[in-house]
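Asks: Residue numbers (the numbering used here): 4 to 399.
Glycine residues also receive a C-beta, built at the ideal position from the N, C-alpha and C atoms.
Please read these numbers as outputs of a predicted model, since none were measured by experiment.
To start, I am sharing the structure in question, which I have written as structure tokens.
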Ligand SMILES: *Cc1c(COP(=O)(O)O)cnc(C)c1O
């Protein structure tokens, strides 16, 4: 047998990870994803999930999932373009379009898939994709699958974007500007009104990946486009159904024309089985809940403000966040990871994020506050931050 099957080339790379101190095992969650969980056998306060509204284990979503299973089964049995397009999928797209205040919404199996499928379907050779330097990995991968040229502008820097646009306008047919709606590592919001204005000036299309804005910003979580009142001026609005909505999936909201084209050319939908009934049933219920009341997003923002105030007044540096994503910036990489480890030892789980995910010297723990946290849990977590911060001389 050939030596290649021993995967020695991978074993060497794994040894390298260990030498660099970045090798790790996956943490194991033994309970539903809630504000307090059992992680690796230890009870901890969870400040690391994307479950912004506490929907992942919500009784109404679970009930809707069970009902959908009873009515439609465990799986959809095919890709949507053959016989996997259930009436439930159609219902989901209709309610999503209404919720997003757009003509149409086209659903994928994940937010990642949505970027992998949409970008390549709406661009081709002779076009250019212009991307914020801090855009999400799935946008970068999605753009790589396109035959269009690519360019990058400095993070949220409108002069940099305009310089790229000016140059691109002369050389390419269609221009697609892509930005995250909310940037996931810092919690800052894209300068969407300025981006849209520049797009209109240079006759470019706009594409907003609102994975961290949907269910968070705008009226009852309608997203960043709604937050800025830019309906009808953004061509493609991507949302995820896996974060605030609490289940799984992604979608792009926009025009009927967009919908028609994607239903013929979105490769992850053409070549991969559609979302299972349980997921779709639960998502529809989640959207209904957001359309009934703003109480979920109100709670989320109240908790986020409370946490930012507590942590800020202790003297931690929370950066430029404008959303519930609250980075606590430590700086040094090793110190950041040690801070995260000590928080966990003291009963608070908040993941450390360091280079290459963020620039060198800006290591941070990223606090994800949700609507489901109680004030008591946030207070207890803040006390742990204070204790560990003092022990490590991060706080004076
Ligand atoms: C999380 C995320 C995605 C991926 O969404 P999933 O539904 O988890 O696949 C895509 N884009 C951005 C900006 C994200 O933060």
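Report whether the distance from the Cβ of residue 141 to the nearest heavy atom of ligand 1 is below 7 angstroms.
Replies: Taking the chain shown and counting its residues from 1, the one referred to as residue 141 is at position 138. Yes, since a heavy atom of ligand 1 falls inside the 7 angstroms radius drawn around the Cβ of residue 141.
Asks: Of all the options 85, 295, 369, 269, which has the alpha carbon lying nearest to the alpha carbon of residue 223?
Replies: The count along the chain shown starts at 1 and reaches residue 223 at position 220. Selected option, being the one with the closest Cα: 295.
Asks: What residue from 136, 298, 368 has the CA that sits closest to residue 314's CA?
Replies: Along the chain shown, read from residue 1 onward, the residue named residue 314 stands at position 311. Residue 368 is the option with its Cα nearest to residue 314.
Asks: DSSP three-state label for residue 44, please.
Replies: In the chain shown, residue 44 corresponds to position 41, counting from 1. It is coil, neither helix nor strand.
Asks: Going by beta-carbon coordinates alone, are residue 241 and residue 98 separated by less than 8 angstroms?
Replies: What you label residue 241 is simply residue 238 of the chain shown in a count that begins at 1. What you label residue 98 is simply residue 95 of the chain shown in a count that begins at 1. No. Outside cutoff.
Asks: CB-CB under 7 angstroms to residue 302, same chain, minus the five flanking residues each way: which ones, in chain order?
Replies: What you label residue 302 is simply residue 299 of the chain shown in a count that begins at 1. So the list reads 374, once near-sequence residues are dropped.
Asks: Can you tell me which of 19, 124, 219 puts its alpha carbon nearest to the alpha carbon of residue 298?
Replies: One-based indexing of the chain shown puts residue 298 at position 295. For the residues 19, 124, 219, the minimum Cα distance to residue 298 belongs to 219.
Asks: Could you tell me the distance, in whole angstroms, from the CA atom of residue 398 to the CA atom of residue 317?
Replies: Start at 1 with the first residue of the chain shown, and residue 398 comes out as number 395. Start at 1 with the first residue of the chain shown, and residue 317 comes out as number 314. Looking at the two C-alpha atoms, the distance is approximately 8 angstroms.
Asks: Determine the DSSP secondary structure at residue 34, reduced to helix, strand or coil.
Replies: Sequence index remark: in the chain shown, residue 34 carries index 31 (1-based). Residue state, collapsed to three classes: coil.
Asks: CA-CA distance, residue 361 and residue 334?
Replies: Here residue 361 refers to the residue found at position 358 when the chain shown is read from its first residue. Here residue 334 refers to the residue found at position 331 when the chain shown is read from its first residue. Between residue 361 and residue 334, the C-alpha separation is close to 10 angstroms.
Asks: Compare the Cα-Cα distances from residue 77 to each of 214, 283, 255 and report the closest residue.
Replies: As a position in the chain shown, residue 77 is number 74, starting the count at 1. Among 214, 283, 255, the Cα nearest to that of residue 77 is on 283.
Asks: Quick check: the Cα distance between residue 59 and residue 49, rounded to an integer number of angstroms?
Replies: Translated into positions along the chain shown, residue 59 becomes position 56. Translated into positions along the chain shown, residue 49 becomes position 46. Their Cα atoms are separated by approximately 13 angstroms.
Asks: Are at least three pairs of beta-carbons, each pair with one atom in the segment 175-187 and one in the segment 195-215, less than 8 angstroms apart?
Replies: Counting Cβ pairs under 8 angstroms, three or more are found: they touch.
Asks: Kindly give me the distance between the Cβ atoms of residue 115 and residue 254, rounded to whole angstroms, as I take these residues to be in contact under 8 angstroms.
Replies: Numbered from its first residue, the chain shown carries residue 115 at position 112. Numbered from its first residue, the chain shown carries residue 254 at position 251. Residue 115 to residue 254, Cβ: 13 angstroms. No contact.
Asks: Short of 6 angstroms in beta carbon distance, which residues of its chain neighbour residue 66, apart from the five on each side in sequence? Order them along the chain.
Replies: By one-based count along the chain shown, residue 66 stands at place 63. Excluding sequence neighbours, residue 66 sits near nothing in its chain.
Asks: Less than 8 angstroms between C-beta atoms, sequence neighbours within five positions excluded: which residues of the same chain meet that for residue 82?
Replies: In the chain shown, residue 82 corresponds to position 79, counting from 1. Excluding positions up to five away in sequence, the list reads 272, 273, 274, 275, 276, 277.
Asks: Pick out the complete alpha helix (DSSP H) segments inside the segment 254-302, 4 residues or longer, and give them in chain order.
Replies: Here the runs fully enclosed are 259-268, 270-273, 280-295.
Asks: Do residue 239 and ligand 1 come close, with the Cβ less than 7 angstroms from some heavy atom?
Replies: Locating residue 239 in the chain shown gives position 236, counting from the first residue. Residue 239: no, Cβ never under 7 angstroms from ligand 1.
Asks: With distances taken from CA atoms, which of 95, 46, 23 is nearest residue 256?
Replies: Here residue 256 is taken as the residue at index 253 of the chain shown, counted from 1. Closest by alpha carbon: 95.
Asks: Would a C-beta distance cut-off of 8 angstroms place residue 342 and residue 391 closer than the cut-off?
Replies: Counted from its first residue, the chain shown places residue 342 at position 339. Counted from its first residue, the chain shown places residue 391 at position 388. Closer than 8 angstroms, so yes.
Asks: Do residue 121 and residue 269 have their beta-carbon atoms positioned less than 8 angstroms apart in this structure?
Replies: Taking the first residue of the chain shown as 1, we reach residue 269 at position 266. Taking the first residue of the chain shown as 1, we reach residue 121 at position 118. Yes. Within cutoff.
Asks: Based on the DSSP secondary-structure assignment, which residues constitute the bridge partners of residue 49?
Replies: In the chain shown, residue 49 corresponds to position 46, counting from 1. Paired residues: 352.
Asks: Looking at residue 30: is its Cβ nearer than 8 angstroms to the Cβ of residue 11?
Replies: By 1-based counting over the chain shown, the position of residue 30 is 27. By 1-based counting over the chain shown, the position of residue 11 is 8. No, the Cβ-Cβ distance between residue 30 and residue 11 is not below 8 angstroms.
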